[in-house]
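A short write-up of the structure that comes next.
Below you can see the structure in the form of structure tokens.
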């Protein structure tokens, strides 16, 4: 229920990383101009990061996760709501893990 | 927006508890980072490499910077509106900025809203469900025998897959996405953990930067 000393370096690092992103862009505007090229690169980063998160899980090829990913893609085609799709994916994972797959 | 933020907060609370973070440590992290995707990625990296030592901390911090890189853009876009406001308004506004509240703010600004406090107000309204979700998740995980059976660890992957589908349907840079995929698979083989996300994100951004053509 308390904060361990060995947790503090991580806490400071994540706080600094978060602060840099939140305040950095605002302050950089005093120094530089965000060119369309920089903007395009910043905009394409989130999708690349998401690929970096999903790809290793898909690569491991466990049935619950693969079935859940297929479910999510199918749901997003009909109901474009990422919360509904993600929760449905979690439900599929839970159900198939329960069945021992 | 609030139900999604609450669910996200709970997922973080549950997963953080599985990585042995105490309630106070989870709340502290939610307080200083305040980003669902970044924190879920941080706890999944902790599951693979722990959180002690320079390598583990550096990979977690780098993953947070990349997942939150869009905030650099959000902040830049707010500059024309808030550049003249005092730091006591701009700093908390930027700190409590979220995706939804940035979109709302930019729309309000286009409609003529000029009060800089608008950004802070709409940001704070998401902060309460976020902290509450973290708290409930951390407590609930202590009561569950095996949270992994509920599939909570899949939530971030599920969200990323769902949002990735949306982004690919929109005007995405497919070459950048393909390069990110290849790099992710290679790095995952060589050095699993937080660095996979970092490498994929950097390569995706760089490829778009290099290939960019003025239209």
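Protein chains in written order, with our numbering: chain A, 1 to 101; chain B, 1 to 215. Using N, Cα and C, we set each Cβ at its ideal position, and we do this for glycine too. Please read these numbers as outputs of a predicted model, since none were measured by experiment.
Below-7 Å beta-carbon distance, residue i vs any chain A residue
i: residue 20 of chain B; result: no
i: residue 25 of chain B; result: yes
i: residue 81 of chain B; result: no
i: residue 139 of chain B; result: no
i: residue 123 of chain B; result: no
i: residue 208 of chain B; result: yes
i: residue 28 of chain B; result: yes
i: residue 12 of chain B; result: no
i: residue 196 of chain B; result: yes
i: residue 115 of chain B; result: no
i: residue 149 of chain B; result: yes
i: residue 188 of chain B; result: yes
i: residue 4 of chain B; result: yes
i: residue 61 of chain B; result: yes
i: residue 89 of chain B; result: no
i: residue 144 of chain B; result: no
i: residue 94 of chain B; result: yes
i: residue 127 of chain B; result: no
i: residue 201 of chain B; result: yes
i: residue 45 of chain B; result: no
i: residue 108 of chain B; result: no
DSSP three-state assignment for residue i, whether helix, strand or coil
i: residue 148 of chain B; result: helix
i: residue 221 of chain B; result: The requested residue 221 of chain B does not occur in the structure, where chain B is confined to residues 1 to 215.
i: residue 111 of chain B; result: coil
i: residue 86 of chain B; result: coil
i: residue 2 of chain A; result: coil
i: residue 125 of chain B; result: helix
i: residue 51 of chain B; result: coil
i: residue 99 of chain A; result: coil
i: residue 17 of chain B; result: helix
i: residue 159 of chain B; result: helix
i: residue 171 of chain B; result: coil
i: residue 35 of chain B; result: coil
i: residue 81 of chain A; result: coil
i: residue 91 of chain A; result: helix
i: residue 42 of chain B; result: helix
i: residue 28 of chain B; result: helix
i: residue 141 of chain B; result: helix
i: residue 116 of chain B; result: coil
Expected contact under 8 Å - CB spacing of residue i and residue j to nearest Å
i: residue 15 of chain B; j: residue 133 of chain B; result: Wrong, their Cβ atoms sit about 12 Å apart, outside the cutoff.
i: residue 210 of chain B; j: residue 199 of chain B; result: No, residue 210 of chain B and residue 199 of chain B are not in contact; Cβ-Cβ is about 16 Å, not under 8 Å.
i: residue 48 of chain A; j: residue 176 of chain B; result: 6 Å
i: residue 249 of chain B; j: residue 46 of chain A; result: Any answer about residue 249 of chain B is impossible in this case: the structure gives chain B only from 1 up to 215.
i: residue 75 of chain B; j: residue 20 of chain A; result: 10 Å between Cβ atoms; not a contact.
i: residue 79 of chain A; j: residue 94 of chain B; result: That pair is no contact at about 33 Å.
i: residue 108 of chain B; j: residue 118 of chain B; result: 6 Å
i: residue 201 of chain B; j: residue 52 of chain A; result: 6 Å
Enclosing alpha helix (DSSP H) for residue i [first to last residue]
i: residue 97 of chain B; result: From DSSP, residue 97 of chain B is part of no alpha helix (DSSP H); its letter is neither H nor E.
i: residue 39 of chain A; result: 36 to 60
i: residue 24 of chain A; result: 8 to 31
i: residue 55 of chain B; result: 54 to 67
i: residue 153 of chain B; result: Run containing residue 153 of chain B: none; DSSP gives neither H nor E here.
i: residue 188 of chain B; result: 174 to 190
i: residue 64 of chain A; result: 63 to 78
i: residue 211 of chain B; result: 194 to 211
Within chain A, the residues that residue i reaches when beta carbons sit closer than 8 Å
i: residue 176 of chain B; result: 44, 47, 48
i: residue 68 of chain B; result: 17, 18, 21, 22
i: residue 64 of chain B; result: 14, 17, 18, 21
i: residue 97 of chain B; result: 22
Cβ of residue i within 7 Å of any chain B Cβ
i: residue 62 of chain A; result: no
i: residue 105 of chain A; result: As shown, chain A starts at 1 and ends at 101. That puts residue 105 of chain A outside it, with no answer to give.
i: residue 74 of chain A; result: no
i: residue 11 of chain A; result: yes
i: residue 100 of chain A; result: no
i: residue 37 of chain A; result: yes
i: residue 31 of chain A; result: no
i: residue 66 of chain A; result: no
i: residue 8 of chain A; result: no
Closer than 7 Å at the beta carbon, the chain B residues around residue i
i: residue 69 of chain A; result: 161
i: residue 57 of chain A; result: 157
Listed by chain order, chain A residues near residue i by CB distance under 7 Å
i: residue 71 of chain B; result: 21, 22, 25
i: residue 16 of chain B; result: Result: empty, since nearest Cβ-Cβ is about 11 Å, beyond 7 Å.
i: residue 173 of chain B; result: 44
Chain B residues whose Cβ lies nearer than 8 Å to that of residue i
i: residue 80 of chain A; result: 166
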